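Residue numbers (my numbering): 328 to 432.
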């Protein structure tokens, strides 16, 4: 699948957290990075704060990339000088998290 096809699939699909495990988060000293341990795979990941916000926004119910953009843009978690959030940034994070097994369609 080419990148354009992957981007289209990511943008228009409803994503949810993987149900195969639990998510455990840690952050130290106001770092911009978060340590994530996922019990489903037994893997530990170092993710960006933005990546954490995306995953956290998926709690509760599936959401599309557009839903996530609206939620994050309306929250106080992202500095206003970083808005609008580039669509490609959301899509690339979702695609990467799917490859890691952290989210699913």
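Glycine included, every Cβ here is placed at the ideal spot set by N, Cα and C. Just so it is clear, the structure is predicted and the values come from calculations on it, not from any experiment.
Rounded Cβ spacing between residue i and residue j (contact assumed at less than 8 Å)
| i | j | result |
| --- | --- | --- |
| residue 379 | residue 361 | 4 Å |
| residue 427 | residue 372 | 7 Å |
Residue i, DSSP secondary structure in three states
| i | result |
| --- | --- |
| residue 357 | coil |
When the options are compared against residue i, the one with the closest alpha-carbon
| i | options | result |
| --- | --- | --- |
| residue 349 | 364, 343, 355 and 356 | 364 |
| residue 359 | 424, 366, 374 and 431 | 374 |
| residue 339 | 408, 412, 402 and 396 | 396 |
| residue 429 | 354, 353 and 369 | 369 |
Residue i versus residue j - alpha carbon distance
| i | j | result |
| --- | --- | --- |
| residue 417 | residue 399 | 10 Å |
| residue 356 | residue 431 | 31 Å |
Start-to-end residues for the alpha helix (DSSP H) that takes in residue i
| i | result |
| --- | --- |
| residue 421 | 414 to 427 |
| residue 400 | 392 to 401 |
Extent of the continuous beta strand (DSSP E) to which residue i belongs
| i | result |
| --- | --- |
| residue 373 | 370 to 375 |
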